[in-house]
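If you use the UniProt record's numbering, the sequence shown corresponds to residues 1 to 323, in order.
In this text, a Cβ means the ideal position worked out from N, Cα and C, and glycines have one as well.
Below: the structure, in structure tokens.
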Amino acid sequence: MEMESSSKVQEETDQKIDPDRSVKHDDAHDEPMKTEEKQNATRASALDTILKSLWKICVFRKELLSSFTEDEFVFELRHFILSNLSLTEPNGVYDLLVTILELLPRWETGYEPLQSKFEVYETLKKMCNRCKVDTEYPLQLAYGPIVIANSVREFKSAFEDLTFENVLKVIRTTLMMPCDKEGCGKRNYVERVINTPLPSVFTIALEWENNETEEEISATTSVLATEIDISEICKYEGDSVFTKYRLVSMVCLCGDQYNCISYENGRWIRYFASKKEAIGDWNSVLTSFVKLKIRPEILFFENVKGQIMGTDEIGFGSLGKMF
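Structure, rendered in structure tokens:
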């Protein structure tokens, strides 16, 4: 397949999002148009960055390697997404990811279902500590937790010894619901339980205000970890011994453009616009977050079982150097 240049593809993507970009406007409408064009460019950047970040996930990529290169995958899926979705809607980057995952079954032809690798099924359980009534709700499908960046900072500030897993667990256990027994109504904490097969990819979304200071970015990102145990975040009642996940790629906002930061061959790499930059180890990533005011918005953690099984075939590189 003959691929188009990055600049030409970006131009066509932007025009697909807003066909009127090339139309000249008078000065009275110039400023609103510039704002709209900037938003369109940011959405186009978010789409491409999500697709690139997905490709960096071993279990996702290995299903497609026989049919696509990375550039071909991004080009083909971008074209499909833009044919089935309007990016002019002001949705967040996580909402865009969910839409992409939900569109994947319509795009795939003959591949193992890719969407299912991200699905997390949780059962919500609640016991009223007043009337002792147990309630179990139907399975809920999600693609991972959404966490407010400010909450991460606040909990870490209040409890300095908390790890990233601990912070996520505490945040997720703050959900309260009223008792279902008639006449009671007491609000009780809800426990989230996973008793189905674990996902191949555990996704964590961070929501930012986008006006954070360098100190606030540092206070948030310094809590992040490159390895997590899902059984420390959720109550896991399954029988898999592979409950650990490692961070493999991130969708990050830098200014008004999105960057992909991924772990490749023993080091972290940053992709922005059509450029590629080697960052180095994780401490260097944390430094880059603060120095460049980069906000990681979507973190993709891959199950260690999938990485072990795919390392030799994919050439992902040793993960032992990432800490």
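Rounded distance between the beta-carbons of residue j and residue i, thought under 8 Å
{"i": "Val120", "j": "Tyr143", "result": "7 Å"}
{"i": "Leu247", "j": "Tyr263", "result": "7 Å"}
{"i": "Leu97", "j": "Ile298", "result": "6 Å"}
{"i": "Ser218", "j": "Lys117", "result": "32 Å between Cβ atoms; not a contact."}
{"i": "Phe75", "j": "Leu64", "result": "13 Å between Cβ atoms; not a contact."}
{"i": "Lys234", "j": "Glu122", "result": "With the sequence shown as reference, residue 234 is identified as Cys, and Lys is not the correct amino acid for it. With a Cβ gap of about 7 Å, Cys234 and Glu122 count as contacting."}
{"i": "Gly238", "j": "Asn195", "result": "6 Å"}
{"i": "Cys131", "j": "Cys184", "result": "5 Å"}
From the options, residue whose alpha carbon lies closest to that of residue i
{"i": "Tyr189", "options": "Lys126, Trp55 and Lys132", "result": "Lys126"}
{"i": "Leu82", "options": "Leu65, Leu104 and Leu292", "result": "Leu104"}
{"i": "Lys291", "options": "Cys254, Arg187 and Ser45", "result": "Cys254"}
{"i": "Lys169", "options": "Ile204, Phe80 and Lys276", "result": "Ile204"}
{"i": "Gln115", "options": "Ile100, Cys128, Asp229 and Thr123", "result": "Ile100"}
{"i": "Val167", "options": "Phe202, Ile228, Ser218 and Arg267", "result": "Ile228"}
{"i": "Asp71", "options": "Ser231, Ser157, Tyr245 and Leu51", "result": "Leu51"}
{"i": "Glu212", "options": "Pro178, Lys293, Glu102 and Asn265", "result": "Lys293"}
{"i": "Ser249", "options": "Asp256, Ala225 and Gly238", "result": "Ala225"}
{"i": "residue 325", "options": "Glu122, Arg43, Tyr236 and Thr49", "result": "No answer is possible for residue 325: it lies beyond the span of the chain, which begins at 1 and ends at 323."}
{"i": "Tyr236", "options": "Asn150, Lys156, Phe155 and Leu198", "result": "Leu198"}
{"i": "Arg192", "options": "Thr174, Lys186, Asp180 and Phe202", "result": "Thr174"}
{"i": "Phe80", "options": "Ser288, Arg106 and Gly280", "result": "Arg106"}
{"i": "Glu214", "options": "Pro178, Ile148 and Thr287", "result": "Thr287"}
{"i": "Ala41", "options": "Asp256, Phe289, Val285 and Lys305", "result": "Asp256"}
Burial state of residue i, where buried means 16 or more other Cβ atoms lie within 10 Å
{"i": "Ser53", "result": "buried"}
{"i": "Leu139", "result": "exposed"}
{"i": "Met176", "result": "exposed"}
{"i": "Val241", "result": "exposed"}
{"i": "Phe159", "result": "exposed"}
{"i": "Ala273", "result": "exposed"}
{"i": "Lys56", "result": "buried"}
{"i": "Ala44", "result": "buried"}
Cα-Cα separation between residue i and residue j, rounded to whole angstroms
{"i": "residue 339", "j": "Ile261", "result": "A question about residue 339 goes unanswered here, because the residues of the chain that appear run from 1 up to 323."}
{"i": "Thr220", "j": "Phe164", "result": "10 Å"}
{"i": "Val23", "j": "Gln39", "result": "Unreliable positioning characterises Val23 in this predicted model, as indicated by a pLDDT of 44, which lies under 50. A coordinate reading is not provided."}
{"i": "Ile146", "j": "Glu207", "result": "7 Å"}
{"i": "Arg172", "j": "Arg295", "result": "21 Å"}
{"i": "Asn303", "j": "Glu182", "result": "43 Å"}
{"i": "Val152", "j": "Phe68", "result": "38 Å"}
{"i": "Ile230", "j": "Lys244", "result": "6 Å"}
{"i": "residue 359", "j": "Ser222", "result": "This structure does not reach residue 359, given that the chain is present from 1 up to 323, and the question cannot be answered."}
{"i": "Asn150", "j": "Ser157", "result": "10 Å"}
{"i": "Gly266", "j": "Asp281", "result": "8 Å"}
{"i": "Lys186", "j": "Glu102", "result": "37 Å"}
{"i": "Asp134", "j": "Asn283", "result": "45 Å"}
{"i": "Ser86", "j": "Leu47", "result": "11 Å"}
{"i": "Ala278", "j": "Trp268", "result": "6 Å"}
{"i": "Arg61", "j": "Phe301", "result": "14 Å"}
{"i": "Asp312", "j": "Phe202", "result": "Because Asp312 sits at a pLDDT of 36, beneath the cut-off of 50, its placement in the model cannot be relied upon, and the following sentence gives the value as read from the coordinates. Between Asp312 and Phe202, the C-alpha separation is close to 22 Å."}
{"i": "Cys179", "j": "Asn84", "result": "42 Å"}
{"i": "Phe155", "j": "Phe289", "result": "20 Å"}
{"i": "Pro113", "j": "Asp95", "result": "20 Å"}
{"i": "Cys128", "j": "Ile148", "result": "27 Å"}
{"i": "Leu162", "j": "Glu232", "result": "12 Å"}
{"i": "Leu124", "j": "Val285", "result": "36 Å"}
{"i": "Lys305", "j": "Glu216", "result": "34 Å"}
{"i": "Gly92", "j": "Ser66", "result": "32 Å"}
Where the beta strand (DSSP E) through residue i begins and ends
{"i": "Val193", "result": "Glu191 to Ile194"}
{"i": "Cys252", "result": "Lys244 to Cys254"}
{"i": "Asn166", "result": "Looking at the DSSP string, Asn166 is not in any beta strand (DSSP E); the run it does join, the alpha helix (DSSP H), is Phe164 to Arg172."}
{"i": "Ile217", "result": "Run containing Ile217: none in the beta strand (DSSP E); it sits in the alpha helix (DSSP H), Glu214 to Thr221."}
{"i": "Asn265", "result": "Looking at the DSSP string, Asn265 is not in any beta strand (DSSP E), and its letter there is neither H nor E."}
{"i": "Asn303", "result": "Ile294 to Asn303"}
{"i": "Asp229", "result": "Glu227 to Asp229"}
{"i": "Pro178", "result": "Met176 to Pro178"}
{"i": "Gln140", "result": "Gln140 to Ala142"}
{"i": "Lys126", "result": "Val120 to Met127"}
{"i": "Ala273", "result": "No beta strand (DSSP E) contains Ala273, which DSSP labels as neither H nor E."}
Segment limits, alpha helix (DSSP H) that includes residue i
{"i": "Trp282", "result": "Trp282 to Lys291"}
{"i": "Leu85", "result": "First-last for Leu85: undefined, no H or E at that position."}
{"i": "Ala158", "result": "Ala149 to Ala158"}
{"i": "Tyr99", "result": "Note that residue 99 corresponds to Thr in the displayed sequence, not to Tyr. Val93 to Trp107 is the span of the alpha helix (DSSP H), which, as asked, contains Thr99."}
{"i": "Val59", "result": "Cys58 to Arg61"}
Residue i at chain B interface by Cβ criterion, 7 Å
{"i": "Met176", "result": "The chain labelled as chain B is not found in the depicted structure, where only one protein chain is given."}
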